[in-house]
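One structure is given here, and the rest of the page talks about it.
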Amino acid sequence: MDELILVYTTWENAEQAKEAGRKLLKTRTCACVNVLPQLYPLFWWPPKQNIIDESSEVVMIIKTLKSKFENLEKEIYKIHPYEVPCIIAIPTYKVNKGYYDWIKGEINQQS
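If you're matching positions, the sequence shown starts at 80 in the numbering used here and goes up one per residue.
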């Protein structure tokens, strides 16, 4: 069975994330996108400059299958505004059959 994974990524704002989510859904590399409200990350940027930067972002959680991750990642890179976007695949321990079947059915549906 192809494993359900969650893909965690961040975007500059909710509108940008929703627009990206629609584009990703249209590629059928995922079945569902959740955009979570504002967060305030602190991070080292630019690289190796010893500077702590901060901004505001939103989180996107993408529900997909492990076999689709590489294609999904490529699609994210095509549309993401960040030089180094956060794209983290998180395995799931267990998922109910009905939800899994829905995810798989939507991803495998021809557009």
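The beta carbon of each residue, even a glycine, is placed where N, CA and C say it ideally should be. Since the structure is predicted, the reported quantities are computational estimates derived from the model, not experimental observations.
DSSP beta-bridge partners of residue i
i: Asn113; result: Ile140
i: Trp90; result: Val137
i: Pro120; result: Beta-bridge pairing links Pro120 to no other residue.
i: Pro170; result: Ile84
i: Leu130; result: A small correction: the amino acid at residue 130 is Ile; Leu does not occupy that position in the sequence shown. Bridge partners of Ile130: none, in fact.
Rounded distance between the beta-carbons of residue j and residue i, thought under 8 angstroms
i: Arg107; j: Ile186; result: 6 angstroms
i: Thr171; j: Leu83; result: 5 angstroms
i: Cys165; j: Ile141; result: Going by Cβ atoms, the distance from Cys165 to Ile141 rounds to 12 angstroms, so no, they are not a contact pair.
i: Ser135; j: Tyr156; result: So it is not a contact: roughly 22 angstroms between Cβ atoms.
Start-to-end residues for the alpha helix (DSSP H) that takes in residue i
i: Trp124; result: Taken as a continuous stretch (DSSP letters only), Trp124 belongs to no alpha helix (DSSP H), as it is neither H nor E.
i: Asn150; result: Phe148 to Ile158
i: Glu185; result: Lys176 to Asn187
Within 8 angstroms, strictly: CB atoms of residue i and residue j
i: Val137; j: Leu115; result: yes
i: Leu121; j: Ile182; result: no
i: Met139; j: Ala96; result: yes
i: Pro160; j: Glu98; result: no
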